[in-house]
Amino acid sequence: MITSSEYRDRRIRVISDLGEGALILPSNPESTMSNDVDYKYRQHSDLLYLSGYPEPGTTAVIEKSGEEIVFHLFVLPRDPLYETWNGRRYGVEGAKQHFNADFSHINTELNDLLPKILKKHETVFYPQGENADTDEIVNQSIRKARKMTDKTGKGPYRVVNPHPTIHKYRATKSEAEIQLLRKSIRISADAHTRAMKVTKPGISEYQIEAIINYEFRKSGALRPAYETIVAGGINGTILHYTENKNDLEKGELILVDAGAEYANYSADITRTWPVGGKYSKEQKNIYSLVLDVQKRCIEKVRPGENLKDLNDLAVKLITKGLIDLGLLQGDLETLIKEDKHRRFFMHKVGHWLGIDVHDVSDIDRGEKFKPGFCFTIEPGIYIPDEEDVPKTYRGIAVRIEDDILVTETGYEVLSIGVVKEIEDIEAIVGIENLP
Ligand code: GLY
Ligand code: MN
Ligand code: MN
Numbered sequence: 004m005i006t007s008s009e010y011r012d013r014r015i016r017v018i019s020d021l022g023e024g025a026l027i028l029p030s031n032p033e034s035t036m037s038n039d040v041d042y043k044y045r046q047h048s049d050l051l052y053l054s055g056y057p058e059p060g061t062t063a064v065i066e067k068s069g070e071e072i073v074f075h076l077f078v079l080p081r082d083p084l085y086e087t088w089n090g091r092r093y094g095v096e097g098a099k100q101h102f103n104a105d106f107s108h109i110n111t112e113l114n115d116l117l118p119k120i121l122k123k124h125e126t127v128f129y130p131q132g133e134n135a136d137t138d139e140i141v142n143q144s145i146r147k148a149r150k151m152t153d154k155t156g157k158g159p160y161r162v163v164n165p166h167p168t169i170h171k172y173r174a175t176k177s178e179a180e181i182q183l184l185r186k187s188i189r190i191s192a193d194a195h196t197r198a199m200k201v202t203k204p205g206i207s208e209y210q211i212e213a214i215i216n217y218e219f220r221k222s223g224a225l226r227p228a229y230e231t232i233v234a235g236g237i238n239g240t241i242l243h244y245t246e247n248k249n250d251l252e253k254g255e256l257i258l259v260d261a262g263a264e265y266a267n268y269s270a271d272i273t274r275t276w277p278v279g280g281k282y283s284k285e286q287k288n289i290y291s292l293v294l295d296v297q298k299r300c301i302e303k304v305r306p307g308e309n310l311k312d313l314n315d316l317a318v319k320l321i322t323k324g325l326i327d328l329g330l331l332q333g334d335l336e337t338l339i340k341e342d343k344h345r346r347f348f349m350h351k352v353g354h355w356l357g358i359d360v361h362d363v364s365d366i367d368r369g370e371k372f373k374p375g376f377c378f379t380i381e382p383g384i385y386i387p388d389e390e391d392v393p394k395t396y397r398g399i400a401v402r403i404e405d406d407i408l409v410t411e412t413g414y415e416v417l418s419i420g421v422v423k424e425i426e427d428i429e430a431i432v433g434i435e436n437l438p
């Protein structure tokens with residue numbers, strides 16, 4: 004659990020780093036699924052990081068003037084009729100009581116109050132271009148605030164994107180965050196194990212999806228952190244295949260990429276196993292190559308290394324492996340220079356992980372690892388069904404994805420709870436029946 008004092012410390016660190024001014028963070032808009040039915044709501048990750056406030060219609064404003072830091076929350080009001088139909092709200096009182104707002108207001112007051120807040124500041128920290136409604140309010144408020152301050156010459160004249168600074172802090176996970184990541188990843192590893200156990204020829208991709216998502220909810224996760232990918236055979240060559248509608252056949256591989264969201268923290272695990280319980284020779288060749296690349300990338304993780312160099316290593320090892328298997332022809336250095344691996348390995352070897360499954364997008368891949376950084380390592384090989392590829396390899400798709408925490412001296416694989424060695428996988432595929 005993230006305590007209210009941790010949220011407060013995060014706010015202090017972020018606004019102190021940004022400097023004098025007012026930070027404005029809007030919530031994500033709600034999203035319609037059908038007529039009056041919305042998708043389950045997900046708060047904006049930066050707003051979650053700094054406040055924990057889960058409801059839509061929210062704007063956080065954090066002001067820094069000298070030593071003084073003031074935290075406002077503009078929130079949806081309590082509304083008995085709405086709450087009878089759609090669920091509880093914290094409201095203005097709850098925002099103060101549970102989320103430590105110094106001032107809380109009904110969100111419709113933002114129009115009137117924001118110009119009064121902004122006129123005290125020269126810098127507005129605001130992520131423009133993400134939320135059209137708030138963009139309009141913020142721009143209007145800046146105009147009004149300038150008018151109010153014409154005579155003194157002060158007022159907001161600079162707008163700065165706060166994401167890079169917020170992401171800098173989000174990149175290093177606290178002890179409490181690591182506990183939540185462990186839980187979310189543990190739940191996900193167990194779900195993969197269960198899915199392996201119930202896989203048999205004839206079962207469908209959607210039944211495996213159901214098992215995975217059932218295990219998530221059974222263990223208290225709110226939802227999958229992204230649409231669960233269950234791809235049999237050639238469907239595995241579609242990187243984000245989520246139709247999950249086919250039956251699985253003996254002889255095929257099944258690629259499952261699934262991670263839970265638990266208490267706002269995401270897991271992201273991929274395993275690839277044989278539907279019939281035994282890998283074919285060619286499947287084994289590809290699987291062993293991907294596993295070897297993955298392990299060699301993971302072994303290099305320690306403070307000071309970076310994702311970009313790990314990606315270069317993965318590209319080199321995969322290209323060499325594809326030459327050895329006869330899937331690429333030519334000189335290793337030339338093939339690497341010409342990016343020939345991209346026909347078979349078209350994504351990067353990993354990404355940051357945290358509140359978002361693709362976390363802290365403002366942190367460069369060249370950023371040196373520090374203890375507390377968390378990311379995935381997920382090499383893959385996807386062989387298209389095309390004429391110039393040896394027939395026995397066509398349609399084979401393998402990805403192996405683990406979640407890694409950087410420690411003081413090296414790394415910890417957080418997703419250790421689900422097996423990935425060939426013999427360990429073969430030993431459990433199909434040993435249970437669907438419930
Ligand atoms: N689940 C998406 C990814 O692996 O990046
Ligand atoms: Mn991933
Ligand atoms: Mn994934």
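Under my numbering, think of the first position of the sequence shown as 4, with each following residue one higher. Glycine residues also receive a C-beta, built at the ideal position from the N, C-alpha and C atoms.
DSSP beta-bridge partners for residue i?
{"i": "L356", "result": "According to DSSP, L356 bridges with nothing at all."}
{"i": "A234", "result": "L258"}
{"i": "H75", "result": "V64, F106"}
{"i": "S207", "result": "D250"}
{"i": "A400", "result": "Y385"}
{"i": "A25", "result": "E66, V127"}
{"i": "Y265", "result": "Y268"}
{"i": "S144", "result": "BP columns for S144 are empty, so no partner."}
{"i": "D406", "result": "T379"}
{"i": "E415", "result": "L408"}
{"i": "P227", "result": "A263"}
{"i": "D41", "result": "T35"}
Using the Cα positions of residue i and residue j, report the straight-line distance between them to the nearest angstrom.
{"i": "N92", "j": "R81", "result": "The residue you asked about is not Asn; residue 92 is Arg in the sequence shown. So the alpha carbons of these two residues sit roughly 6 Å apart."}
{"i": "G239", "j": "V401", "result": "7 Å"}
{"i": "Y129", "j": "H108", "result": "19 Å"}
{"i": "Y42", "j": "N267", "result": "16 Å"}
{"i": "S222", "j": "E212", "result": "16 Å"}
{"i": "D295", "j": "Y172", "result": "33 Å"}
{"i": "E255", "j": "I272", "result": "20 Å"}
{"i": "L320", "j": "H124", "result": "53 Å"}
{"i": "K253", "j": "Y282", "result": "10 Å"}
{"i": "I434", "j": "I428", "result": "11 Å"}
{"i": "R14", "j": "I65", "result": "8 Å"}
{"i": "L242", "j": "G22", "result": "41 Å"}
{"i": "G24", "j": "E178", "result": "30 Å"}
{"i": "E390", "j": "G324", "result": "20 Å"}
{"i": "P382", "j": "S418", "result": "15 Å"}
{"i": "S144", "j": "P118", "result": "4 Å"}
{"i": "L316", "j": "E404", "result": "16 Å"}
{"i": "Y217", "j": "E336", "result": "47 Å"}
{"i": "A194", "j": "K203", "result": "16 Å"}
{"i": "T62", "j": "M36", "result": "23 Å"}
{"i": "V278", "j": "H75", "result": "54 Å"}
{"i": "T412", "j": "G90", "result": "47 Å"}
Give every residue of the same chain whose Cβ lies closer than 6 Å to the Cβ of residue i, excluding the five residues on either side of it in the sequence, and list them in chain order.
{"i": "T196", "result": "V421"}
{"i": "G60", "result": "L79, N110"}
{"i": "T137", "result": "P29"}
{"i": "N247", "result": "E208, Y209, E212, V233"}
{"i": "K67", "result": "I18, E23"}
Is the beta carbon of residue i less than 9 Å from the beta carbon of residue j?
{"i": "L3", "j": "P165", "result": "Absent from the model: residue 3. The displayed extent of the chain is 4 to 438, so no value can be given."}
{"i": "D365", "j": "H170", "result": "yes"}
{"i": "S187", "j": "A228", "result": "yes"}
{"i": "I206", "j": "L408", "result": "no"}
{"i": "R305", "j": "F372", "result": "yes"}
{"i": "I358", "j": "Q297", "result": "no"}
{"i": "A270", "j": "A192", "result": "yes"}
{"i": "G369", "j": "K311", "result": "yes"}
{"i": "K200", "j": "G375", "result": "no"}
{"i": "R1", "j": "T126", "result": "The chain is shown from 4 up to 438; residue 1 falls before or after that span and cannot be answered."}
{"i": "I140", "j": "N114", "result": "yes"}
{"i": "Y56", "j": "F106", "result": "no"}
{"i": "T231", "j": "D260", "result": "yes"}
{"i": "I339", "j": "E180", "result": "no"}
{"i": "P159", "j": "K99", "result": "no"}
{"i": "N31", "j": "N134", "result": "yes"}
Using a Cβ-Cβ cut-off of 7 Å (strictly less than) and excluding sequence neighbours within five positions of residue i, which residues of its own chain qualify?
{"i": "S48", "result": "I358, D359"}
{"i": "Y44", "result": "E33, P59"}
{"i": "A430", "result": "none"}
Can you list, in chain order, the residues of its chain with a C-beta nearer than 8 Å to that of residue i? Leave out the 5 residues immediately preceding and following it.
{"i": "L313", "result": "C300, K303, V304, V352, G353, I380"}
{"i": "L328", "result": "N288, I289, L292, Y396"}
{"i": "E112", "result": "F77"}
{"i": "T245", "result": "E230, T231, I232"}
{"i": "E415", "result": "I407, L408"}
{"i": "I190", "result": "E218, F219, S222, G223, A224, A263, Y265, A270"}
For the region 269 to 326, which segments carrying the beta strand (DSSP E) assignment without a break, of at least 3 residues, lie completely within its bounds, in sequence order?
-> 272 to 277
Considering only residues of the region 169 to 213, which uninterrupted alpha helix (DSSP H) runs meet the minimum length of 4 residues and lie entirely inside it, listed in chain order?
-> 178 to 201
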